[in-house]
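In terms of this note's numbering, the sequence shown has 298 at position 296, counting the first letter as 1, and numbering is strictly consecutive. Ideal Cβ positions, reconstructed from N, Cα and C, are used throughout, including at glycine. Below is one structure; the comments refer to it alone.
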Amino acid sequence: MDAEKSAAFLLDEGLRYVFSGALRVAAQTGVADHLTDGPRTVEHLATRTATQADGLRRVLRLLATRGIFHEDAAGRFHLTPLGEALRSDCPTSVREAMVFVTNPTFWQPVGQLGSAVSTGVPAVEQIFGRPLFDYLAANPEAAAEFDPGMAQYSQLESRGFATIYDFADTGVLVDVGGGRGRLLLEVLRRHAGWRGVLFDQHHVVARHELATLGADHRWTAVPGDFFDEVPAGGDVYALQYILHDWDDERCVRILRNCRRAMNPDGRVVALDTVLPDGDAAHPGKSIDLVILASFTGRERTRTQFAALFEAAGLRLTRVIAKPEPGWLSIIEGRPR
Ligand SMILES: C[S@@+](CC[C@H](N)C(=O)[O-])C[C@H]1O[C@@H](n2cnc3c(N)ncnc32)[C@H](O)[C@@H]1O
């Protein structure tokens, strides 16, 4: 690439956040829901989504450049296979998750990433005046978008874990920081001999989804603080998207609490990204910067996980890379 082409490339890259903004509009308006019966004019879509046709056309036109929607010669928009998951009723829907990842709660801190890089203090604390989970606990409206959005964001990974991990015939799974309980639901639905304990902060557990199992009562929901203690007697302690939120010292506290609470042959299973060495592209490298802006944690390498486990009295036994399309690895540890 010659120098001028490189300069133009960089400027175009600098506008990538615009694409996130357009995806957010598509998710918020639910425009994909109005394309399930075939292509529609933008005027029709604008009426259905209570938007202005001009602005909506410009948003859809940008998304169409990457195969999300397609504009035909007559100016009608089509839903493409890539855009399907923006529908609300699609089994792999990410509509709520999209509203969540493009939420100003994340977006604003990333806009001030430079201050986190200069000071080492998460930008969230400068913007909201306190750590993110404290802010969510004090702001039910923000939590009402965060918790279900997070659940949908990680659902693909939860399903993959429930499917590929070698659960024994019977056991107790403790989902530490398990949100509203989607991972537990996936495991209990697939493993009839397992029982589950959902553990999270009080205001999160209060809105759990485990009752969707109906008459199946193989679960309990326990509120608490994982820095104090976690429920005892589990065979597997799952930590999905937990360790990446916290600095090493606090991760070791969580892991030690799991180590102390588990049955003698118990396991800790962290579900997090494991960063590859070098320049290789990996979604974890983007998530890492959201974390840098918002929390004290980081995405980690295998060596860094091994060191955390070691400090908590655990031995890293294996790392199972998730098959596509997920990006979380299963990082397993047992008592030393
Ligand atoms: C990034 S979310 C992950 C949720 C869930 N594991 C998933 O994969 O969807 C982190 C979770 O940790 C919970 N959490 C944060 N601080 C906590 C604490 N001190 N004790 C218990 N849970 C906590 C949050 O409420 C939130 O549900």
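Identify every residue that forms a DSSP beta bridge with residue i.
| i | result |
| --- | --- |
| Ala75 | In the DSSP output, where bridge partners are listed per residue, Ala75 has none listed. |
| Phe11 | DSSP output for Phe11 lists no bridge partner at all. |
| Trp109 | BP columns for Trp109 are empty, so no partner. |
| Phe201 | Val178 and Val224 |
| Thr43 | Arg78 |
| Ala240 | Asp177 and Val271 |
Could you spell out the range, first to last residue, of the alpha helix (DSSP H) harbouring residue i?
| i | result |
| --- | --- |
| Val2 | Lying before the first or after the last residue shown, residue 2 is absent from the chain, which here runs from 3 to 338. |
| Pro337 | It is not in any alpha helix (DSSP H) - Pro337 instead sits in the beta strand (DSSP E) that spans Ser331 to Pro337. |
| Asp250 | Asp250 to Ala263 |
| Val96 | From DSSP, Val96 is part of no alpha helix (DSSP H); its letter is neither H nor E. |
| Gln306 | Arg304 to Ala313 |
| Val66 | In the sequence under discussion, the amino acid at residue 66 is Ala, which differs from the Val named in the question. Note, Ala66: alpha helix (DSSP H), Ala55 to Ala66. |
| Ala295 | Pro285 to Ser296 |
| Leu186 | Arg184 to Arg192 |
Is residue i helix, strand or coil by DSSP?
| i | result |
| --- | --- |
| Pro133 | coil |
| Pro83 | helix |
| Leu277 | coil |
| Tyr167 | coil |
| Val232 | coil |
| Val123 | coil |
So residue i and residue j are in contact, right, with Cβ under 8 Å, and what is the actual spacing, rounded?
| i | j | result |
| --- | --- | --- |
| Asp74 | Pro41 | 6 Å |
| Ala295 | Ala118 | 5 Å |
| Thr241 | Ile256 | The question names Thr, but residue 241 in the sequence shown is Leu. Between Ile256 and Leu241 the Cβ distance is about 7 Å, and since that is below 8 Å, they are a contact. |
| Arg336 | Thr319 | 5 Å |
| Val176 | Phe135 | Not confirmed; about 19 Å, so no contact. |
| Phe228 | Tyr155 | Between Tyr155 and Phe228 the Cβ distance is about 20 Å, and since that is not below 8 Å, they are no contact. |
| Gly268 | Gly236 | 6 Å |
| Glu301 | Gly280 | Contact doesn't hold; Cβ gap of about 15 Å is too wide. |
| Thr303 | Val276 | 7 Å |
| Val254 | Leu310 | 6 Å |
| Phe169 | His193 | 5 Å |
| Gly151 | Ala99 | 5 Å |
| Gly77 | Thr43 | 7 Å |
| Arg209 | Arg184 | Not quite, the Cβ-Cβ distance comes to about 12 Å (not below 8 Å), so this is no contact. |
| Arg197 | Trp221 | 7 Å |
| His205 | Ala146 | Not quite, the Cβ-Cβ distance comes to about 10 Å (not below 8 Å), so this is no contact. |
Ends of the beta strand (DSSP E) at residue i?
| i | result |
| --- | --- |
| Thr319 | Leu316 to Ala323 |
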